Amino acid sequence: MMKAILLTGPRAVTITEVDPPEPGPGEVLVRVGLLGLCGTDLGFYDGSSNYLRDGLKSYPFVPGHEWIGTVTGLGPGADPVLLGQRVAGHNFRVCGRCPHCRANRVRYCPDRSEIGVLGPLPGAGAELITAPVSTLTRIPDALSDTAGALLEPTAAAVHAVDRIAVTARDRVAVLGAGTLGLAAAQVARAVGAATVVYDPQPGARELAHHLGLTAAEPAADDEETYDAVIEASGSVAAVRSAVRLVADGGRVAQLGTPHRAVDGFDAAGLVIRDVTLHGVLSGLGHWDRLVGLVGSGAVNLDALVDRVFPLDGLDAAFARLTDGERARPKVLVQLDPALGGSADPRAGTDPALRDPADSRVLTGPGSRGAAGARAATGGAAAGESR
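If you're matching positions, the sequence shown starts at 15 in the working numbering and goes up one per residue.
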């Protein structure tokens, strides 16, 4: 038997014992080390999720779609070299037969499910999960476990930057200094774009500054200023602001996910000013580039982690996720006690921000936390909905 997180209703979460899964053809068995929690998970926890409202997910289920782990078993046809490797993976499970899948456009598969999010498949909130080899990315030694656990959400930030074709000539505004926004801003900076992060929370702007980013509150004279705008918070106010901030002929990437309809959205303004709007779903196809950016130090993901909670601290983890005043945006849950801990602030949260009673900073086996050593850490940040 193994332990798994089970959501049975709004604010009803338990740890249950279930049979471990068996990997099928082309799959591996993974012992999950860390699980990331995001706004989507919070919506499932408190019952506000649009997935629940629209009948795309229903209780009870095992949540979780942001994870890192170690391969411990092989299904038929899986390469033995994967045994013992640290991996993370995207959460899409597709039919493999439709025209979209055959053209490698798997995010558009009409039969797509997403573990822990969409459809009947259980999520990654368990000690052991199975995953198709085709969904995995190997984690190099230079990346910490905390950084590896953040690859799934932040790969979407790379997608957003690429989707609106940001270049060094662009002025870029990023709305929201949560996990997605701070990742997107760092990626845009790596491209050479002049980038500003907007967030109403002083603590969030503080973390952006510590990451070497320019951060501010929106002002009236910023309107129609930016060649490219990335909305990364999902807040109604920010979605409206994106249209006001973008310049004539500019591009907007909607990266954050609003959990309700956005009244007052200026669609006419998009048309009149010839603005292009892109919705951004997932980071499929962008993981390798992100791993390179993190490994080089251009993107610091370790600095985004606020707390790592033990598995028996789930209610506290979700409570922390709702705290808009928390120091940094990302909350993680440790599923594998064998990971151990580290006091090295380069690997994640500064010791001054940790509560030793319920959280730790973790590095992976053999991990040197090199990315964190090459980029500034510190400060505070708010979260986002996705």
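We put the beta carbon where it would ideally sit given N, CA and C, even for glycine.
The model shown is predicted, which means the values in this text are computed figures rather than measured ones.
Use the C-beta contact count for residue i: other C-beta atoms within 10 angstroms, 16 or more gives buried, fewer gives exposed.
{"i": "PRO77", "result": "buried"}
{"i": "THR336", "result": "exposed"}
{"i": "ARG152", "result": "exposed"}
{"i": "THR181", "result": "exposed"}
{"i": "ASN118", "result": "exposed"}
{"i": "GLY378", "result": "Residue confidence for GLY378 is low, a pLDDT of 37 falling below 50, so the modelled location carries little weight; the figure read from the coordinates is stated next. So GLY378 ends up on the buried side."}
{"i": "GLY103", "result": "buried"}
{"i": "ILE129", "result": "buried"}
{"i": "ILE29", "result": "exposed"}
{"i": "ALA366", "result": "Caution is warranted here: a pLDDT of 30 is assigned to ALA366, below 50, making its placement in the model unreliable, and the coordinate value is therefore given only provisionally. So ALA366 counts as exposed."}
{"i": "ASP68", "result": "exposed"}
{"i": "ARG274", "result": "exposed"}
{"i": "GLY110", "result": "exposed"}
{"i": "ILE19", "result": "buried"}
{"i": "ARG340", "result": "buried"}
{"i": "TYR240", "result": "buried"}
{"i": "ASP125", "result": "exposed"}
{"i": "VAL95", "result": "exposed"}
{"i": "ALA256", "result": "buried"}
{"i": "GLU231", "result": "exposed"}
{"i": "GLY192", "result": "buried"}
{"i": "ASP350", "result": "buried"}
{"i": "LEU21", "result": "buried"}
{"i": "ALA361", "result": "Its pLDDT being 37, under 50, ALA361 is placed unreliably in this model, and the value from its coordinates should be taken loosely. ALA361 is buried by the Cβ-count criterion."}
{"i": "ARG265", "result": "buried"}
{"i": "SER356", "result": "At SER356, the pLDDT of 38 sits below 50, so the modelled position is not reliable and the matter cannot be decided from this model."}
{"i": "ARG116", "result": "exposed"}
Find the nearest neighbour of residue i within the set the options, judged by alpha-carbon distance.
{"i": "ALA208", "options": "LEU20, PRO272, VAL175", "result": "VAL175"}
{"i": "PRO216", "options": "LEU194, GLY190, ASP235", "result": "GLY190"}
{"i": "ARG25", "options": "ALA317, LEU56, THR181, ARG274", "result": "LEU56"}
{"i": "ASP235", "options": "VAL345, HIS223, LEU259", "result": "LEU259"}
{"i": "THR168", "options": "PRO94, PRO343, VAL32", "result": "PRO343"}
{"i": "ASP320", "options": "GLY226, ALA312, ALA330, ASP326", "result": "ALA330"}
{"i": "ASP262", "options": "VAL253, GLU245, VAL289", "result": "VAL289"}
{"i": "ALA199", "options": "PRO232, GLU245, HIS79, SER63", "result": "GLU245"}
{"i": "LEU165", "options": "PRO134, GLY297, GLY130, LEU325", "result": "GLY297"}
{"i": "HIS292", "options": "ARG177, THR193, VAL188, ASP241", "result": "ARG177"}
{"i": "PRO39", "options": "GLU31, ALA145, GLY264, CYS123", "result": "ALA145"}
{"i": "LEU142", "options": "ASP302, VAL308, ILE82", "result": "ILE82"}
{"i": "SER158", "options": "GLY139, THR228, SER148, LEU48", "result": "LEU48"}
{"i": "VAL211", "options": "GLU237, ARG183, VAL243, VAL205", "result": "VAL243"}
{"i": "LEU221", "options": "ASP93, ASN314, GLY278", "result": "ASN314"}
{"i": "CYS52", "options": "LEU353, ALA333, ALA352", "result": "ALA333"}
{"i": "PHE279", "options": "VAL253, LEU304, ARG287, TRP301", "result": "VAL253"}
{"i": "LEU3", "options": "ARG121, PRO94, CYS112, ASN105", "result": "Outside the shown range of the chain, which is 15 to 400, sits residue 3, and nothing can be said about it."}
{"i": "LEU150", "options": "TYR65, ALA275, GLN99", "result": "GLN99"}
{"i": "MET404", "options": "THR22, VAL27, VAL32, LEU21", "result": "Outside the displayed range of the chain (15 to 400) lies residue 404, so it cannot be described from this structure."}
{"i": "GLY306", "options": "VAL172, ASN64, CYS112, GLY89", "result": "VAL172"}
{"i": "GLU238", "options": "VAL345, ALA92, LEU284", "result": "LEU284"}
{"i": "TYR59", "options": "PRO90, VAL27, GLY50", "result": "VAL27"}
{"i": "GLY299", "options": "PRO154, LEU353, VAL46, SER148", "result": "SER148"}
{"i": "THR160", "options": "VAL131, GLY50, GLY206, LEU66", "result": "GLY50"}
{"i": "ALA163", "options": "PRO232, HIS79, GLY195", "result": "HIS79"}
{"i": "LYS71", "options": "SER62, LEU194, VAL131", "result": "VAL131"}
{"i": "ALA138", "options": "ASP125, GLU36, VAL85, VAL46", "result": "VAL46"}
{"i": "ALA92", "options": "CYS115, PRO37, PRO214, VAL322", "result": "PRO37"}
{"i": "GLY309", "options": "CYS112, ASP155, THR84", "result": "ASP155"}
{"i": "SER62", "options": "PRO35, LEU97, GLY23, PRO34", "result": "GLY23"}
{"i": "PRO34", "options": "THR86, TYR65, THR54, TYR73", "result": "THR86"}
{"i": "PHE323", "options": "LEU304, GLU41, LEU353, VAL294", "result": "LEU353"}
{"i": "ASP316", "options": "ALA187, ALA204, LEU225, ALA202", "result": "LEU225"}
{"i": "LEU194", "options": "VAL42, VAL44, THR54, LYS17", "result": "THR54"}
{"i": "ALA204", "options": "ARG183, ARG219, PRO214", "result": "ARG183"}
Who does residue i pair with in a DSSP beta bridge?
{"i": "PHE75", "result": "LEU21"}
{"i": "SER127", "result": "ARG107"}
{"i": "THR28", "result": "LEU20"}
{"i": "ILE143", "result": "VAL44"}
{"i": "LEU150", "result": "GLY103"}
{"i": "ARG274", "result": "DSSP, once it has assigned bridges, lists no residue as partnering ARG274."}
{"i": "LEU132", "result": "GLU128"}
{"i": "LEU189", "result": "TYR212, GLU245"}
Taking CB distances under 7 Å as the criterion, tell me whether residue i reaches chain C.
{"i": "VAL85", "result": "Of the chains in the structure shown, none is chain C; there is only one protein chain."}
Complete beta strand (DSSP E) runs within the segment 285–348 (minimum length 3 residues, chain order): 290–293, 319–324, 344–348
Segments assigned beta strand (DSSP E), at least 3 residues, entirely inside the segment 201–268: 208–212, 228–230, 240–245, 260–268
Sequence ranges, alpha helix (DSSP H) only - wholly within the segment 49–110, length at least 4: 53–60, 64–67
Contact between the segment 240–256 and the segment 264–277 (3+ Cβ pairs under 8 Å): yes
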